[in-house]
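In the numbering used here, the protein residues as written are 437 to 623.
Beta carbons: idealized from backbone N, C-alpha and C, even for Gly.
Reading through the structure tokens given below for one structure.
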């Protein structure tokens, strides 16, 4: 576990380091797996060859590994389209925390690249989730996408009447980032 953490702190890592971390994703110890996935995230887009292993980790039995894999795919995914399909699948996961992690990952991807239409629609669908944290994460991800998420405006408008005040705030903030003019007119 400490070795995986140390390798991740290196930042810029060569193929041998990334290969060792990918191998550690299959370790029996959950702590080692989480550390390895986290270390890959700290390496960033240069670790793109780890995407297949991270995609597999999204289906791991350990919830911590799964959420960390989603976060890591978000950190390296903007540089590689292969990260998108497993994250789209994670947006539909039965575990609300996993859906939330996937939404946050897409928010990170949006900051450094464009978001395909199918991904945008999958994030918009999160706004109808029963879990307030998932709705907030979906709204935040849409806000990070900005004006390119204009298709989300009607769904975000609906969230402004949500029972949860934090969901309402997240929707209002997202609307202000997507269409500042319309948000200002609403007050």
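Please list, in chain order, all residues of the same chain as residue 501 whose beta carbon is under 7 angstroms from its beta carbon, the five residues on each side excluded. Setting aside the 5 residues that flank it on each side, residue 501 is surrounded in the same chain by 466, 469, 470, 473, 493, each with a C-beta closer than 7 angstroms to its C-beta; the list follows chain order.
Going residue by residue through the region 474–535, where are the continuous alpha helix (DSSP H) segments of at least 4 residues, counting only ones entirely within it? Taking 4 residues as the minimum length, the alpha helix (DSSP H) runs contained wholly in the region 474–535 are 487–493, 499–513, 520–526, in order along the chain.
Please state if the CB of residue 560 and the CB of residue 541 are separated by a distance shorter than 9 angstroms. Taking the C-beta atoms as reference points, residue 560 is found no nearer than 9 angstroms to residue 541.
Specify the secondary structure class of residue 466 as computed by DSSP and reduced to three states. Here residue 466 sits in helix by DSSP.
DSSP on residue 596, reduced to helix/strand/coil? The answer is coil: DSSP assigns residue 596 none of H, G, I, E or B.
For residue 498 and residue 603, the rounded distance between their alpha carbons: Their backbone Cα atoms lie some 28 angstroms apart in a straight line.
Tell me whether the beta-carbon of residue 521 lies closer than 9 angstroms to the beta-carbon of residue 491. Yes, the Cβ-Cβ distance between residue 521 and residue 491 is below 9 angstroms.
Go ahead and pull the three-state DSSP assignment for residue 563. It is coil, neither helix nor strand.
Specify, as a first and last residue, the run of the alpha helix (DSSP H) that residue 461 falls within. Under the DSSP assignment, residue 461 falls outside any alpha helix (DSSP H); it carries neither an H nor an E label.
Local Cβ density within 10 Å of residue 594, reported as buried at 16 or more and exposed below that: That one is exposed.
Could you tell me whether the Cβ atoms of residue 571 and residue 598 are closer together than 9 angstroms? In this structure, residue 598 lies closer than 9 angstroms to residue 571 by Cβ.
Check whether the Cβ atoms of residue 614 and residue 578 lie closer than 9 angstroms to each other. Yes, the Cβ-Cβ distance between residue 614 and residue 578 is below 9 angstroms.
Which class does residue 616 belong to by DSSP, given the choice of helix, strand or coil? The three-state secondary structure of residue 616, taken from DSSP, is helix.
What's the gap between the Cα of residue 517 and the Cα of residue 545? The alpha-carbon separation between residue 517 and residue 545 amounts to approximately 10 angstroms.
Measure the beta-carbon distance from residue 503 to residue 539 and round it to whole angstroms, keeping in mind my assumption that it falls under 8 angstroms. In fact, because the Cβ distance is near 12 angstroms, the residues do not count as touching under 8 angstroms.
Are residue 496 and residue 523 touching if we call contact CB-CB under 9 angstroms? At least 9 angstroms separates the beta-carbon of residue 496 from that of residue 523.
Under the three-state DSSP convention, the category residue 551 falls into: Three-state result, residue 551: coil.
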